[in-house]
Amino acid sequence: MKSEELFERARRCMPGGVSSPVRAYRAVGGVPRFVERGEGAYIFDVDGNRYIDYVLSYGPLILGHVHPAVLKALTEVLPKGTSFGAPTELEVELAETIKAAFPFVELVRFVNSGTEATMTAVRLARARTGRELILKFEGCYHGHADPFLVRAGSGGLTFNIPSSPGVPKGTAECTLSVPYNDRDAVEEVFGRCGEDIAAVVVEPVAGNMGVVLPQEGFLEGLRSTTKEHGALLIFDEVITGFRVEFGGISTRYNVEPDIITLGKVIGGGLPVGALCGREEVMGLLAPQGKVYQAGTLSGNPLAMKAGLATLEVLRKEMPYRTLRGRTEELADGVRELFRRKGIPCVVNYETGMFSIFFTERERVLDLEDVRTSSAELYSKVFHALLGEGVMLAPSPYESAFLSTAHDGEVIERTVEAFERALRRI
Ligand code: HOZ
6 MKSEELFERA RRCMPGGVSS PVRAYRAVGG VPRFVERGEG AYIFDVDGNR
56 YIDYVLSYGP LILGHVHPAV LKALTEVLPK GTSFGAPTEL EVELAETIKA
106 AFPFVELVRF VNSGTEATMT AVRLARARTG RELILKFEGC YHGHADPFLV
156 RAGSGGLTFN IPSSPGVPKG TAECTLSVPY NDRDAVEEVF GRCGEDIAAV
206 VVEPVAGNMG VVLPQEGFLE GLRSTTKEHG ALLIFDEVIT GFRVEFGGIS
256 TRYNVEPDII TLGKVIGGGL PVGALCGREE VMGLLAPQGK VYQAGTLSGN
306 PLAMKAGLAT LEVLRKEMPY RTLRGRTEEL ADGVRELFRR KGIPCVVNYE
356 TGMFSIFFTE RERVLDLEDV RTSSAELYSK VFHALLGEGV MLAPSPYESA
406 FLSTAHDGEV IERTVEAFER ALRRI
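Using this note's numbering, the first residue of the sequence shown is number 6, and each one after it goes up by one.
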């Protein structure tokens, strides 16, 4: 198998053979499939296999692989240059598009990843409040910057290193962590040290411990508690921004956070991130203010153009209702198959993203619930599905993503593949 040979070579020149831990297949066992190309809802490996892709680069590819509009946009911009270290019209256009989608956003700063966006958001919150503590939620993941590697989700969970070595003790001590959806715990922490908390940072729909939905009143409660105590509220919408609707969870719930971080969809598959909010906070960033942040490749024309092309298609087609319908259809179909097979499971979903938890619990609302899910069963299902031409993420803690290319027929084929896979486990 060519993937095997490549992985062998990769391990001799890259830590664990990969550029990002989760893709090494350690959680599910076996050899990562090395990818040759993607097309629409499909991904093709170097061994000549085709899979319906539910990884979709962990979220950015909401239009599927190589969407014609994105390809055209990139082909147009590429010959003109890839990076200038100088402002371009494309950045202005993308910032204006983001502003139009989030009514309370006044200023946008582009960076190169979600990690950078959220890391900068925390620096801003600390500067604005003169406080040092931040409060996050167990199982949420906000990138790999030091302050966030405390009870983190995603690869932190997959590799059981939610709190990484190498993070200074003092930094880790500035990060408080409570269970997701637990308003009482938030109140308790604020009651104890509210005057020292700079910000609460939250994924308004958690997507890095699988999909976990906010319970009624949770996000509104965070808004009122942070306001009452003079702390900032940061919504990490790196995954949900422009995936769950044109805008994000903050526009849907009518909760206005102080800072929103974006990534994934706004780069159309190229490396990008952004933080945005009202001028009174965002204006503190250099050179308008004194909070330093910079990036040689930030706002580079390729990422800006791919993002613009993606958002333009989304704005014109508004595919969210259809995408939600298809996600629901898939979630219901899969749930029913496991029910018939007598395997207890919970399937959580939001528009364009879903997760299967193999648990006896009735609901999955926080990390403790997530941890009751059988990783062993996930890995069996994962491999059986690979054999049937369906690719899920190689970790039970990553969400599955749908694109607009996952049409009715693709969803039907996926359910059939699940059915065949289940006969084999
Ligand atoms: N859950 C991660 C990003 N949100 C997956 C990507 C990675 O770690 O490679």
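Virtual Cβ for every residue (Gly too), placed ideally from N, Cα, C.
Best match in Thr-231, Glu-225, Met-358 and Leu-382 for proximity to Thr-332 [C-alpha to C-alpha]: Met-358
Alpha helix (DSSP H) segment containing Lys-321, residue limits: 306-322
Closer than 6 Å: Asn-117 CB and nearest the ligand HOZ heavy atom: no
Close Cβ partners of Phe-1 (< 7 Å) along its chain, the five nearest in sequence each way excluded: Since the displayed the chain opens at 6 and closes at 430, residue 1 lies outside it and no answer follows.
Pairwise C-alpha distance: Val-249 and Glu-365: 28 Å
Three-state secondary structure (DSSP) of Val-386: helix
Residue nearest to Pro-219 in terms of C-alpha spacing, selected from Thr-315, Tyr-258, Leu-391 and Gly-278: Tyr-258
Host beta strand (DSSP E) of Thr-266 (start-end): 264-268
Presumed contact (8 Å Cβ cut-off) between Pro-306 and Gly-86, rounded CB distance: 7 Å
Tyr-56 (DSSP reduced to helix, strand or coil): strand
Same chain, Cβ closer than 7 Å to Arg-320, neighbours up to 5 away in sequence not counted: Phe-251
Closest Cα partner of Cys-198 within the set Gly-212, Ser-182 and His-70: Ser-182
Meets three-Cβ-pair contact criterion under 8 Å: the stretch 391-398 and the stretch 418-428: yes
Same chain only: Cβ atoms within 8 Å of Ser-168, ignoring 5 sequence neighbours per side: Leu-154, Val-155, Arg-156, Ala-157, Gly-161 and Ala-177
Three or more C-beta pairs below 8 Å linking the stretch 73-89 and the stretch 40-53: no
Distance between beta carbons of Arg-114 and Leu-280, contact taken as under 8 Å: 5 Å
Leu-61 - containing alpha helix (DSSP H), residue span: Premise fails: Leu-61 is in no alpha helix (DSSP H) and is neither H nor E.
Under 7 Å between C-beta atoms of Gly-69 and Ser-379: no
Test item: CB-CB of Arg-239 and Pro-209 under 7 Å: Looking at the sequence provided, one finds Ile at residue 239 rather than Arg. Cβ atoms of Ile-239 and Pro-209: not closer than 7 Å.
Check whether Tyr-383 and Pro-401 have beta carbons under 7 Å apart: yes
Inter-stretch contact at 8 Å, needing at least 3 Cβ pairs: the stretch 291-304 / the stretch 125-133: yes
Contact under 7 Å by Cβ, Pro-65 with Lys-346: no
Helix, strand or coil at Met-6 according to DSSP, with G and I counted as helix: coil
Under the three-state DSSP convention, the category Asp-241 falls into: strand
Reduced DSSP secondary structure (H/G/I, E/B, other) of His-234: helix
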